[in-house]
Amino acid sequence: MNFRNISSWSIRNPIPPLVLFAGLLLAGLVSFMRMDVNNNPDVSFPMVHVQVSQPGAAPSELETQVTQRIEAAVRGINGVDELTSYASEGLSVTYVQFVIGTPVDRAVNDVRNAVAQIRSDLPDGILEPQITRVDIDGGPIAYFSVEATDMTLEQLSWFVDNTVAKRLLGVPGMAAVGRGGGVSREIRVILNPERLQALGVSAGQINDQLRQVNINAAGGRTEIAGAEQSVRVLGNARTAYLLGQTQIQLPGGRSVRLDEL
32 MNFRNISSWS IRNPIPPLVL FAGLLLAGLV SFMRMDVNNN PDVSFPMVHV
82 QVSQPGAAPS ELETQVTQRI EAAVRGINGV DELTSYASEG LSVTYVQFVI
132 GTPVDRAVND VRNAVAQIRS DLPDGILEPQ ITRVDIDGGP IAYFSVEATD
182 MTLEQLSWFV DNTVAKRLLG VPGMAAVGRG GGVSREIRVI LNPERLQALG
232 VSAGQINDQL RQVNINAAGG RTEIAGAEQS VRVLGNARTA YLLGQTQIQL
282 PGGRSVRLDE L
């Protein structure tokens, strides 16, 4: 039976084709409704991350002594599609992207072998190069740049965290929203080394004490006035002044305020 005969038969007998079409439509709808939605789908892209650390090294030194040499070593690997590198203080990072279809394990081994061949040409003060595959499962699907001429950097960062991020999280299907760049709200504690030595206390001890007292924690639930209420222990200092009033315990049972250190 050729296609023309099938068409003619369907026109003369419309019920069987309609039933078949309805069955296929129903099966498709059922399959769609039962289809799993993975928040972090397994998507593999052949990309390798090369990280070299040298504490205290300037970005310009790392660029010429490390980054450029690694780029030259991996550029000749078969299948390399693109190189992306940057250097910051004490850190050199290179991303090696291969053409789609390249086995990730082979790509990692090829990059590791290429870096090993030039290991003796790299500075003596570097830490052992870290070469890993780049896993982008569940990674960001979109990036947005935000700019405002009537806000300071602190105000803009707070606006993104408190307004933009919350509204985006309200979008159905949105799993997470993160901010890169800007500033985070923090209180920096700068200690006087001579004062610490005179009092016989170390920066590590002060850090441990601040961690213990400067924290918010859940305190469980209790019954108040006949109703069950949540209890929270609030210890975070809301201002730099309040943090400076924290009592720091010294050897011998003495104590001193943080702002005196």
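Take the position in the sequence shown, starting the count at 1, then add 31; the result is the number in our numbering.
Backbone N, C-alpha and C fix where the C-beta goes; we use that ideal spot for every residue, glycine too.
Where residue i sits in the DSSP three-state scheme
| i | result |
| --- | --- |
| threonine 277 | coil |
| arginine 164 | strand |
| glutamine 21 | Given that the chain is displayed from residue 32 to residue 292, the structure contains no residue 21 and the question cannot be resolved. |
| leucine 122 | strand |
| valine 262 | For valine 262, the pLDDT reaches just 47, beneath the cut-off of 50, and the residue's location in the model is therefore unreliable, although a value from the coordinates is still provided. Strand at valine 262. |
| valine 146 | helix |
| threonine 270 | coil |
| leucine 114 | strand |
| valine 127 | strand |
| isoleucine 237 | helix |
| leucine 292 | coil |
| asparagine 223 | coil |
| asparagine 109 | coil |
| leucine 153 | coil |
| alanine 206 | coil |
Rounded C-alpha distance that separates residue i from residue j
| i | j | result |
| --- | --- | --- |
| isoleucine 149 | arginine 285 | 56 Å |
| proline 282 | alanine 173 | 53 Å |
| arginine 198 | isoleucine 218 | 28 Å |
| arginine 43 | valine 130 | 54 Å |
| isoleucine 360 | serine 176 | Past the boundaries of the shown model lies residue 360; the chain is included only from 32 to 292, so the question cannot be answered. |
| glutamine 240 | glutamate 185 | 28 Å |
| serine 298 | glycine 59 | This structure gives no information on residue 298, because the portion of the chain shown stretches from 32 to 292. |
| glutamine 276 | alanine 206 | 40 Å |
| alanine 234 | glutamine 243 | 14 Å |
| valine 79 | valine 232 | 45 Å |
| glycine 213 | alanine 118 | 19 Å |
| isoleucine 157 | alanine 88 | 9 Å |
| valine 61 | alanine 53 | 12 Å |
Proximity to residue i [Cα-Cα], best of the options
| i | options | result |
| --- | --- | --- |
| glutamate 13 | Asn140, Ser123, His80, Gln186 | The structure shown has nothing for residue 13, since the chain only spans 32 to 292. |
| proline 90 | Gly132, Glu120, Leu114, Val220 | Glu120 |
| isoleucine 279 | Val208, Leu230, Ala271 | Leu230 |
| aspartate 166 | Pro47, Gly235, Tyr126, Arg226 | Tyr126 |
| alanine 145 | Asp112, Ile101, Ile157, Glu94 | Ile101 |
| isoleucine 135 | Arg164, Gln96, Leu222, Thr194 | In the sequence under discussion, the amino acid at residue 135 is valine, which differs from the isoleucine named in the question. Answer by Cα proximity: Arg164. |
| glutamate 159 | Asp192, Val97, Arg210, Ile237 | Val97 |
| aspartate 112 | Thr95, Gly132, Val191 | Gly132 |
Residue i: first and last residue of the uninterrupted alpha helix (DSSP H) it sits in
| i | result |
| --- | --- |
| methionine 64 | 46-64 |
| valine 287 | No alpha helix (DSSP H) holds valine 287; the beta strand (DSSP E) holding it covers 286-288. |
| serine 176 | Where serine 176 is concerned, there is no enclosing alpha helix (DSSP H), given that its DSSP letter is neither H nor E. |
| alanine 196 | 196-200 |
| leucine 93 | 90-93 |
Segment limits, beta strand (DSSP E) that includes residue i
| i | result |
| --- | --- |
| serine 84 | 78-84 |
Any chain D beta carbon closer than 8 Å to residue i
| i | result |
| --- | --- |
| proline 47 | Any reference to chain D falls outside this structure, which holds one protein chain only. |
Legend entry - Touching by the beta-carbon criterion (3+ pairs, under 8 Å), the region 97-109 and the region 140-160: Taking 8 Å as the limit for Cβ pairs, the verdict is that the region 140-160 does touch the region 97-109.
Legend entry - Any 3 or more C-beta pairs closer than 8 Å across the region 150-169 and the region 74-86: Contact between the region 150-169 and the region 74-86 is established, with three or more Cβ pairs separated by less than 8 Å.
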